[in-house]
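Each remark here refers to the structure printed beneath this line.
In our numbering, the protein residues as written are 37 to 145.
Below, the structure is given as structure tokens:
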């Protein structure tokens, strides 16, 4: 399973993503970043070690994940007008070096 918590933090956001792996172990990925396009630390990820954010509009955010300064993934997050659904489009490379192009839809709990 996958749980994402996003909350406002200063001029940006704090995000925590928790994965429950097939073997039952948990992986937590976290960052706190401003919407300024600058790189900020990303912890817990095998794919990336930094993240940058750009606010496109009130409901859309672009995120770039990098590892060692090189882009690993880009994510576009769009929140529905009623605020109940978040759609994330992920493009790039996973931890195994395979190309990814996924769309993930989250319902607010």
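In this text, a Cβ means the ideal position worked out from N, Cα and C, and glycines have one as well.
Pick from the options that is closest to residue i, judged by C-alpha positions
i, options, result
"residue 72", "79, 109, 88", "88"
"residue 48", "56, 80, 75", "75"
"residue 109", "125, 121, 117, 95", "125"
"residue 46", "69, 131, 116, 64", "69"
"residue 131", "102, 112, 118", "102"
"residue 143", "129, 118, 134", "118"
"residue 42", "106, 61, 113", "113"
"residue 146", "84, 115, 140, 93", "The question about residue 146 has no answer here: the residues shown for the chain are numbered 37 through 145."
Burial state of residue i, where buried means 16 or more other Cβ atoms lie within 10 Å
i, result
"residue 86", "buried"
"residue 136", "exposed"
"residue 37", "exposed"
"residue 97", "buried"
"residue 44", "exposed"
One or two residues paired with residue i in a DSSP bridge
i, result
"residue 55", "38, 63"
"residue 75", "Answer is none; residue 75 lacks a bridge partner."
"residue 50", "43, 68"
DSSP three-state assignment for residue i, whether helix, strand or coil
i, result
"residue 142", "strand"
"residue 119", "coil"
"residue 132", "coil"
"residue 83", "coil"
"residue 104", "coil"
"residue 99", "strand"
"residue 94", "coil"
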